[in-house]
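Chains as they are written, first to last, in the numbering used here: chain A, 26 to 247; chain B, 7 to 749.
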Amino acid sequence: MKVGVVTFPGTLDDRDAARAVTTGGATAISLWHKDADLKGVDAVILPGGFSYGDYLRCGAISRFAPVMEKIIDAAKGGMPLLGICNGFQVLCETHLLPGALTRNSELHFLCTDQKISIENTTTAWTSSFTQGQEIVIPLKNGEGAFMCDDETLAVLEGEGRIVARYVGENPNGSRNLIAGITNERGNIVGLMPHPEHAINTLTGPTADGLGFFTSVLNAMVK
Amino acid sequence: MTLDTVTVAQSSPDQSQPFAELGLKPDEYARIKEILGRRPTSSELAMYSVMWSEHCSYKSSKVHLKQFGDKAVKTDALLVGIGENAGVVDVGQGYAVTFKIESHNHPSFIEPYQGAATGVGGIVRDILTMGARPIAVMDPLRFGPADAPDTRRVLPGIVAGVGGYGNCLGLANIGGEVVFDETYIGNPLVNALCVGVMKHSDIKLAKAAGAGNLVVLYGAKTGGDGIGGVSVLASETFDTTGSAKRPAVQVGDPFVEKVLIECSLEIFAEDLVIGIQDLGGAGLSCATSELASGGSGGMKVELDRVPLRDASLSPEEILMSESQERMCAIVEPSKIKRFLEICDKWDVTVTVIGEVTDGDRLEITWHGDLIVDVPPRTVAHDGPVYNRPLAKPEYVDRVNAEVINVPRPTTSDEIKATVLKLAAAPNLADKSWVTSQYDRYVQGNTIQSQPDDSGMVRIDEKTHLGVAIATDANANWSYLNPYEGAKLALAEAARNIATAGAKPLAVTNCLNFGSPEDPGVMWQFAESVRGLADGCLEMGLPVTGGNVSFYNQTGSVAILPTPVIGVLGVIDDVRTRTPMSFEEAGLDLYLLGETADDLAGSEWAYLHGQRGGQSPIADLQREMRLIDLLVAGRVNKVFTAAHDLSQGGLSASLTEMVLRHNVGADVTVENIGTALMSETPGRVIVAIDPSQTKTLGDLATKHQIVLTKLGTTGGDSLVINGANIPLTELRTAWTETFPKLFG
Chain A
26 MKVGVVTFPG
36 TLDDRDAARA
46 VTTGGATAIS
56 LWHKDADLKG
66 VDAVILPGGF
76 SYGDYLRCGA
86 ISRFAPVMEK
96 IIDAAKGGMP
106 LLGICNGFQV
116 LCETHLLPGA
126 LTRNSELHFL
136 CTDQKISIEN
146 TTTAWTSSFT
156 QGQEIVIPLK
166 NGEGAFMCDD
176 ETLAVLEGEG
186 RIVARYVGEN
196 PNGSRNLIAG
206 ITNERGNIVG
216 LMPHPEHAIN
226 TLTGPTADGL
236 GFFTSVLNAM
246 VK
Chain B
7 MTLDTVTVAQ
17 SSPDQSQPFA
27 ELGLKPDEYA
37 RIKEILGRRP
47 TSSELAMYSV
57 MWSEHCSYKS
67 SKVHLKQFGD
77 KAVKTDALLV
87 GIGENAGVVD
97 VGQGYAVTFK
107 IESHNHPSFI
117 EPYQGAATGV
127 GGIVRDILTM
137 GARPIAVMDP
147 LRFGPADAPD
157 TRRVLPGIVA
167 GVGGYGNCLG
177 LANIGGEVVF
187 DETYIGNPLV
197 NALCVGVMKH
207 SDIKLAKAAG
217 AGNLVVLYGA
227 KTGGDGIGGV
237 SVLASETFDT
247 TGSAKRPAVQ
257 VGDPFVEKVL
267 IECSLEIFAE
277 DLVIGIQDLG
287 GAGLSCATSE
297 LASGGSGGMK
307 VELDRVPLRD
317 ASLSPEEILM
327 SESQERMCAI
337 VEPSKIKRFL
347 EICDKWDVTV
357 TVIGEVTDGD
367 RLEITWHGDL
377 IVDVPPRTVA
387 HDGPVYNRPL
397 AKPEYVDRVN
407 AEVINVPRPT
417 TSDEIKATVL
427 KLAAAPNLAD
437 KSWVTSQYDR
447 YVQGNTIQSQ
457 PDDSGMVRID
467 EKTHLGVAIA
477 TDANANWSYL
487 NPYEGAKLAL
497 AEAARNIATA
507 GAKPLAVTNC
517 LNFGSPEDPG
527 VMWQFAESVR
537 GLADGCLEMG
547 LPVTGGNVSF
557 YNQTGSVAIL
567 PTPVIGVLGV
577 IDDVRTRTPM
587 SFEEAGLDLY
597 LLGETADDLA
607 GSEWAYLHGQ
617 RGGQSPIADL
627 QREMRLIDLL
637 VAGRVNKVFT
647 AAHDLSQGGL
657 SASLTEMVLR
667 HNVGADVTVE
677 NIGTALMSET
687 PGRVIVAIDP
697 SQTKTLGDLA
707 TKHQIVLTKL
717 GTTGGDSLVI
727 NGANIPLTEL
737 RTAWTETFPK
747 LFG
């Protein structure tokens, strides 16, 4: 199975995401933002970073990258797509996922080992977890507060589309402690914390993040 | 205004020039005229003034820094030594590591965010310039009193700047220091360290060889920021308000730098450059003159080809501009096509601005007119050298004679109060308010970061080879005895690497001092350099490079002498490192090393308003035996944990250990009134499984290190001589200081 990892100018966690894909048992394929084809990948990850410097709104420019056109089409057709941190911001900007990520409530960058609970295990990226499982993975961003209108929030909650929630004190002011959401079909997931930095206890706080990268293997087998 | 060309300069020898405003002394100006045989053009004057500034020329420090070469140890580990952008060290398995610290003190006082941000940017480009991929940064910081109003302006801005720039580059921040003292109130210290890794064959140097090869400028366009930054900012004392000088602080764009890093690494990987230099302090003046003098000397540059952000810039300003995120490469004509293609892939602006010639002059033209015609070596390397007067300041004998008179805890209540007071002291309290603003995870190779004794990164995923780095300075000891202070800082940094089991390999430094025109400050500097050079020779560690920052003072008050010493070590398998704390109960705790009554210069004395007495004398032979013991113990899996004792002594180290994994300890020590707060160097707490008792004893005997049992781990309190300090209470004291001060 091949999982594409996209590099925009300013992407930082692409090599980490590729390492996590490999550790999870798939083959990582590097995709360049100017690429107009997806090199036959079965799933795609939009990794963290500051694409194009994030000087406008986070992810606002990346959504127009040539590679995104193909990714959006494929995801609409059911291809598993995971946006981590800046990738989540890109997914919101492309409207593949609703809402927006805004400045942290404490108004500065926060890097911490964050406990989250997995609230939906039916998505392409979370089937390796158990419902309500609590895991610890790094959270690191300046604009991680998930915001949306009341109506959207009611839909997300009502349809079980909250994939992960922060446990304990709200680290960044996200509505309803939301750490990640999915689309109706469950193939697209946006996640603010970084599972790719938690694939072993040597370099990460835990190996809890690996579940996201093994889940996608199951999604392909189906 | 008419263009001041070489022809004009020749025909108007007596025209007055603003050399003093540019920071040049009359005799320095006269020397330039002597070199050129005429008055300099305004562009030449601009170049000489920035390159002969204290910051670029090391004119006051050179005569002392020579010792690092004279006393150098013979080692095969040093692949590139002092003089290049950064030193390069062989760490085995074909890997080379380059690391360096630089200061960005004055800009960070004026404009904390941008000053700190561009400090990170500058050192990262130095590392990149050697051909290495930058992998991690560290930031030793010093501020005025924690509760001073200006510290509340400066600290959050500097921390945000370090984080804002480093995070955006994707460099793990693996440690540093945050220290408060009155003397830094108008002059905070922002020292930035970067470490990079490469294969031996990838090392790049700053040299322009081969006539006909092209001079290529790539990266950001040149703007008006940072003009005169070097001469005006780094070489002058602050005595007025900061705002008037703001335009001289550079503004950083980390996104451009990130793209520049990836673009450059791709260019290096295809072996497309002969030589390379980054544009930092003194901008193009520095890059062109250093590249030219690193080669045969001849270079022609068409300055009007430099892409500008501000079309109104004059040639003098373009030469002096310190716009960030720019690199200058020497490229063979046959390779330029591919070079341009890679820049295009990364959307990086690139321009051929000149070529290497077979002459020995650096010639710069502006729309065809010759405006600079100089021997490049005279700009880059033949600046003035001063053997400035030095004299032992009168304060030294006076403060050395003082006797420390501080409370000595004896009762349980006093012991508990002492531990809590030290835990909450700004210099010892939890720094996660700062470090949580830095990305420590990116690149996925961070093994250790704050609050560990050292930062550690893996450099090979298959063999698990890694490097560890620590930076340390104890300015209180350097104030009391600068010679010993420098040695002690070296010993502490080396020990901080060894606690994890890494073997110290090489040294870098950032020497922060007051005005070199003050003989007392110059004495502190000379003593510090002598101490560091002697210490490195004794420990067998080469100095790979460094940085000197003078004029760190507010009015007539100089900062404490602050030689920040960085030590890099290597560890063959990062998986076997010794962590700084324990996660389980039932382990035995031991102290390695003897405790003396060393309260002079201690945090406990500082908290009681005292900075007198005699600093400890460094015993580097003992430090080396301790290091060998720690490395051997790691290899033989003797230790469950090991943690250095430094500021705050036993009290602070025990606090950090028990709070790390929330596992308590019960310890008993003799002479508690001294033992709790004394800062005797050369000590480490280790935790071992009781089954290792004999092995530890044998190790201590073999390395002649005094071993004392402290107690055992476990429980939810830190118990010292029966005084019970619940971890919850200790944690509150330790963690609430920074949020209370800074929000």
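Ideal Cβ placement from N, Cα and C applies to all residues, glycine included. Given the structure is predicted, the values throughout are model-derived calculations rather than measurements.
Residue i bridges to which residues according to DSSP?
{"i": "B/Y224", "result": "B/M333 and B/V356"}
{"i": "A/L106", "result": "A/V69 and A/I213"}
{"i": "B/E361", "result": "B/L220 and B/K306"}
{"i": "B/R148", "result": "B/V185 and B/L195"}
{"i": "B/K422", "result": "Partner(s): none; B/K422 has no beta bridge."}
{"i": "B/L368", "result": "B/M305 and B/V380"}
{"i": "B/E90", "result": "B/I88"}
{"i": "A/T155", "result": "Answer by DSSP bridge pairing: none, since A/T155 is not bridged."}
{"i": "B/M57", "result": "In DSSP, B/M57 forms no bridge with anything."}
{"i": "B/S555", "result": "B/N518"}
Leaving out five residues on either side along the sequence, give the residues of the same chain with a beta carbon under 7 Å from the beta carbon of residue i.
{"i": "B/A606", "result": "I410, L486, G618, G619, Q620 and S621"}
{"i": "A/D39", "result": "V30, T32 and P72"}
{"i": "B/S657", "result": "T424, V425, L428, L682 and M683"}
{"i": "A/T119", "result": "R88, M93 and I97"}
{"i": "B/G728", "result": "S418"}
{"i": "B/S237", "result": "With a pLDDT of 44 at B/S237, under the threshold of 50, the modelled position of this residue cannot be trusted; read the value that follows with caution. Hits under 7 Å: L28, G29, S55, V56 and S59."}
{"i": "B/L434", "result": "L428, E609, Q653, G654 and A658"}
Apart from the five residues just before and just after residue i, which ones in its own chain have a Cβ nearer than 6 Å to its Cβ?
{"i": "B/A564", "result": "G520 and V527"}
{"i": "B/P260", "result": "Y171, C174 and L175"}
{"i": "B/I38", "result": "P46 and Y54"}
{"i": "B/E338", "result": "N219"}
{"i": "A/N243", "result": "S152"}
{"i": "B/I282", "result": "T135, K210 and A335"}
{"i": "A/L227", "result": "none"}
{"i": "B/E328", "result": "G232, G235, Q256 and G289"}
{"i": "A/P220", "result": "I162, G234 and F237"}
How would you call residue i, buried or exposed, if buried means at least 16 neighbouring beta carbons within 10 angstroms?
{"i": "B/I623", "result": "exposed"}
{"i": "B/H649", "result": "buried"}
{"i": "B/V664", "result": "buried"}
{"i": "B/R712", "result": "It should be pointed out that residue 712 of chain B corresponds to Val in this sequence rather than to Arg. Exposed: under 16 other Cβ atoms inside 10 Å."}
{"i": "B/G100", "result": "exposed"}
{"i": "B/P113", "result": "buried"}
{"i": "B/A92", "result": "buried"}
{"i": "B/S455", "result": "buried"}
{"i": "B/G304", "result": "buried"}
{"i": "B/S608", "result": "buried"}
{"i": "B/N827", "result": "Any question about residue 827 of chain B goes unanswered here, given that chain B covers just 7 to 749."}
{"i": "B/T707", "result": "exposed"}
{"i": "A/T249", "result": "What is shown of chain A runs 26 to 247, which leaves residue 249 of chain A out entirely."}
Measure how close the beta-carbons of residue i and residue j come, nearest whole angstrom, since I'm counting them as under 8 Å.
{"i": "B/E90", "j": "B/L211", "result": "6 Å"}
{"i": "B/N502", "j": "B/A476", "result": "4 Å"}
{"i": "B/A602", "j": "B/T686", "result": "5 Å"}
{"i": "B/M204", "j": "B/R139", "result": "7 Å"}
{"i": "B/V221", "j": "B/G365", "result": "Contact flag wrong, Cβ pair sits at about 14 Å."}
{"i": "A/P223", "j": "A/G229", "result": "The question names Pro, but residue 223 of chain A is Ala in the sequence shown. Indeed they touch by this definition, with Cβ atoms about 4 Å apart."}
Please work out which residues of its chain come closer than 8 Å, Cβ to Cβ, to residue i, disregarding the five sequence neighbours upstream and downstream, and give them in chain order.
{"i": "B/T247", "result": "Caution applies to B/T247, whose pLDDT of 41 falls short of 50 and renders its modelled position unreliable; the value that the coordinates give is listed next. Same-chain partners within the cutoff: there are none."}
{"i": "A/E209", "result": "E184 and R186"}
{"i": "A/A99", "result": "L63, V69 and L106"}
Members of the stretch 153-169 of chain A that neighbour chain B once the beta carbon cut-off is set at 7 Å: P163 and K165
Cβ-based contacts, 9 Å cut-off: residues of the stretch 435-451 of chain B near chain A: S438, T441, S442, Q443, Y444, D445, R446, Y447, V448, Q449, G450 and N451
Proximal residues, the stretch 225-243 of chain A versus chain B, C-beta separation under 8 Å: L227, T228 and G229
Under 8 Å (Cβ pairs) to chain A, residues found in the stretch 132-156 of chain B: none
The stretch 116-142 of chain A: positions lying closer than 7 Å to chain B by Cβ: H133, F134, L135, C136 and T137
Residues of the stretch 254-267 of chain B whose Cβ lies closer than 8 Å to any Cβ of chain A, in chain order: D259, P260, F261, V262, K264 and V265
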